[in-house]
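Chemist: Per the numbering used here, the very first residue in the sequence shown carries number 363; after that it's consecutive.
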Amino acid sequence: MNAGELIFAGRKRCDSQSGPIIDFFSIRVFSRGARWMYEKSNAKGSVDAFDNSINFGFYGLLKYSVSLFFGLASAYWLSNIHPVLSPFSVFVFYFFEVHFLFLFPLLIDHSANPILTSVKLTYKMGLFKTIFIVMQIGVYMIAGVFDVKKPFYKWHIGCLAIIIWYENETRSRI
Numbered sequence: 363m364n365a366g367e368l369i370f371a372g373r374k375r376c377d378s379q380s381g382p383i384i385d386f387f388s389i390r391v392f393s394r395g396a397r398w399m400y401e402k403s404n405a406k407g408s409v410d411a412f413d414n415s416i417n418f419g420f421y422g423l424l425k426y427s428v429s430l431f432f433g434l435a436s437a438y439w440l441s442n443i444h445p446v447l448s449p450f451s452v453f454v455f456y457f458f459e460v461h462f463l464f465l466f467p468l469l470i471d472h473s474a475n476p477i478l479t480s481v482k483l484t485y486k487m488g489l490f491k492t493i494f495i496v497m498q499i500g501v502y503m504i505a506g507v508f509d510v511k512k513p514f515y516k517w518h519i520g521c522l523a524i525i526i527w528y529e530n531e532t533r534s535r536i
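1. Would you decide whether histidine 518 is buried or exposed? Buried here means 16 or more other CB atoms lie within 10 Å of its CB.
2. Note down, in chain order, each residue of its chain lying with its Cβ closer than 8 Å to the Cβ of serine 441, except the 5 sequence neighbours on either side.
3. In three-state terms, what does DSSP make of glutamine 379?
4. What residue range is occupied by the uninterrupted alpha helix (DSSP H) comprising asparagine 475?
5. Who are the Cβ neighbours of valine 454 in its own chain at under 6 Å, not counting the five residues just before and after it?
6. On a CA-only basis, which of Glu367, Thr484, Phe466 and Asn364 is nearest serine 403? Give me that one, please.
7. At which residues does the alpha helix (DSSP H) containing asparagine 424 begin and terminate?
8. For methionine 487, which residues from the same chain have a beta carbon less than 8 Å from its beta carbon, with the 5 sequence-adjacent residues on both sides left out?
9. Closest by CA to leucine 489, which one among His472, Ile470, Phe458 and Ile499?
10. So, is arginine 390 buried or exposed, given that buried needs 16 or more other C-beta atoms within 10 angstroms?
11. Three-state secondary structure (DSSP) at lysine 491?
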């Protein structure tokens, strides 16, 4: 699937299912987000119940602290070479972020080694193809934040696009 197909499928699922919206300003954003992903995904058919014992906060902080660290470090390094190069740090951020792309769906599915499995799935799908698709979905999600009426609607659609990608193209490869 390409980014457009994933976003379309995410919008369709988002509009067809009601449910609580993720509270982005909560300290438990990753746990609440994982529960929301579970509710919106097909995991309910393969997993008996949402597992509250999984430390989604730890995994979320790990995913984004690694990605942000390397993204910001590369921005600093590239800007020291020439300020025009600093926007390329976005690619570095996404390079690291895609390695954790399917981390939360794998945790929800009780994968034995979710980090390693997420990395393997990324490479099976093609690292640069995955980065390209994720960057398009990321732009869509971030652009949606500027919609005053529904600032997180496109963010939710992007999250659902990743879930659908996992369900359709990767779950069978595990």
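A virtual CB, placed ideally from N, CA and C, is assigned to each residue, including glycine.
Modeler: Inspection of the coordinates gives the following:
1. buried
2. Leu447 and Ser448
3. coil
4. No alpha helix (DSSP H) holds asparagine 475; DSSP gives it neither H nor E.
5. Phe432, Gly433 and Ser436
6. Phe466
7. The residue you asked about is not asparagine; residue 424 is leucine in the sequence shown. 418-443 is the span of the alpha helix (DSSP H), which, as asked, contains leucine 424.
8. Glu531 and Thr532
9. Phe458
10. exposed
11. helix
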